[in-house]
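A.B. asks:
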Amino acid sequence: MKNKIVLFDLDGTLIDSTQAICESFYKAFKTFKKDIPNEESIKKLIGYTLEDIFIALGIEEKECPQYVMAYKEHYRQICNEKTILLKNAKESILKAYEFAYLGIVTTKTGLYSKDLLQHFNVLQYFHCVIGRENVTKPKPDKEPILKALEILPKDIPNSHIFMIGDTPLDILAAKEAHIQSFGVLSGYATLEMLQRYTDKIARDSLEAISIIQSI
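Each number in the working numbering corresponds to the 1-based position in the sequence shown with 2 added.
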């Protein structure tokens, strides 16, 4: 019997699409003949919206839409080929599915997220996928989590609803939505960074799920 809800972030929590993301940013900058940022500066920003990342990398807000379009055109072509499931990710999904209703809450485009999950043959385990186009305010706002909870069963108390993610954005969104959270070290934030926001930290999603199951 399912008695919990588990919401997963995607990049850095269940999948590693660093190569596809960086290559798509390079393509966008090259398209408009701008100096290409280095990989580390991009990786530090993964988890934010594409618009926010481009602005942080020096693109003016009014120019962002064309950069985002160039990014997406390239990403669409390479995302399946250049993305992998993180170690233990599929095991964590299968284990969580035994006792919880599952959802994805990501700043990635929901359409591409579903395609990737289908590619890895795990889409069927999720009751909802909430992406950037499904909300007005992305994480760290609570809106994406609340949107997911509108779709999921209503009889689960907040003490049994968990958000698992690899950045402070996930932790902050969970706090705003008054649900539980786990930070994982499989992605883009360091232990020290996550410790500023939570004391519930696991090596990866499987360890987080094992702890959640026992609660």
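By construction, the Cβ of each residue, glycine as well, lies at the ideal position given by its N, Cα and C atoms.
If we count Cβ pairs, one from each stretch, closer than 8 angstroms, do we get three or more for the segment 71-84 versus the segment 137-154?
C.D. replies: Result no; under three Cβ-Cβ pairs closer than 8 angstroms.
A.B. asks: Give a yes or no on whether the C-beta atoms belonging to Thr20 and Lys46 are separated by under 8 angstroms.
C.D. replies: No, the Cβ-Cβ distance between Thr20 and Lys46 is not below 8 angstroms.
A.B. asks: Does the distance from the C-beta atom of Phe184 to that of Lys202 stay below 8 angstroms?
C.D. replies: Cβ atoms of Phe184 and Lys202: closer than 8 angstroms.
A.B. asks: Can you tell me which of Asp117, Tyr199, Thr169, Thr111 puts its alpha carbon nearest to the alpha carbon of Asp206?
C.D. replies: Selected option, being the one with the closest Cα: Thr169.
A.B. asks: Would you mind sorting Leu16 into buried or exposed? The rule is 16 or more other CB atoms within 10 Å of its CB.
C.D. replies: Buried is the call here.
A.B. asks: Per DSSP, what are the beta-bridge partners of Cys130 in this structure?
C.D. replies: DSSP, once it has assigned bridges, lists Gly105 as partnering Cys130.
A.B. asks: Does the beta carbon of Arg134 come closer than 8 angstroms to any beta carbon on chain C?
C.D. replies: Although the question refers to chain C, the structure presented lacks it and comprises just one protein chain.
A.B. asks: Does the distance from the CB of Asp143 to the CB of Glu100 come in under 8 angstroms?
C.D. replies: Not in contact: Asp143 and Glu100 (Cβ atoms no closer than 8 angstroms).
A.B. asks: Between the segment 68-75 and the segment 181-199, do at least 3 Cβ pairs fall closer than 8 angstroms?
C.D. replies: Touching, no.
A.B. asks: My assumption, with CB atoms under 8 angstroms, is that Leu148 sits in contact with Tyr103. Please give the rounded CB distance.
C.D. replies: Contact flag wrong, Cβ pair sits at about 15 angstroms.
A.B. asks: Work out the CA separation of Gln182 and Phe128 for me, nearest whole Å.
C.D. replies: The alpha-carbon atoms of Phe128 and Gln182 are separated by roughly 19 angstroms.
A.B. asks: Rounded C-beta distance between Ser94 and Leu208? I'm assuming under 8 angstroms.
C.D. replies: 4 angstroms between Cβ atoms; contact.
A.B. asks: Which residues bound the beta strand (DSSP E) around Ile163?
C.D. replies: Looking at the DSSP string, the run of the beta strand (DSSP E) that includes Ile163 is 163-167.
A.B. asks: Is it buried or exposed, Met165, if we count other Cβ atoms within 10 angstroms and call 16 or more buried?
C.D. replies: Buried is the call here.
A.B. asks: Note down the Cα distance separating Leu174 from Gly167, rounded to an integer number of angstroms.
C.D. replies: Whole-angstrom Cα-Cα distance: 10 angstroms.
A.B. asks: When the Cα of Thr85 is compared with those of Arg134, Ile23, Glu42, Gly112, which residue comes out closest?
C.D. replies: Considering only alpha carbons, the answer is Ile23.
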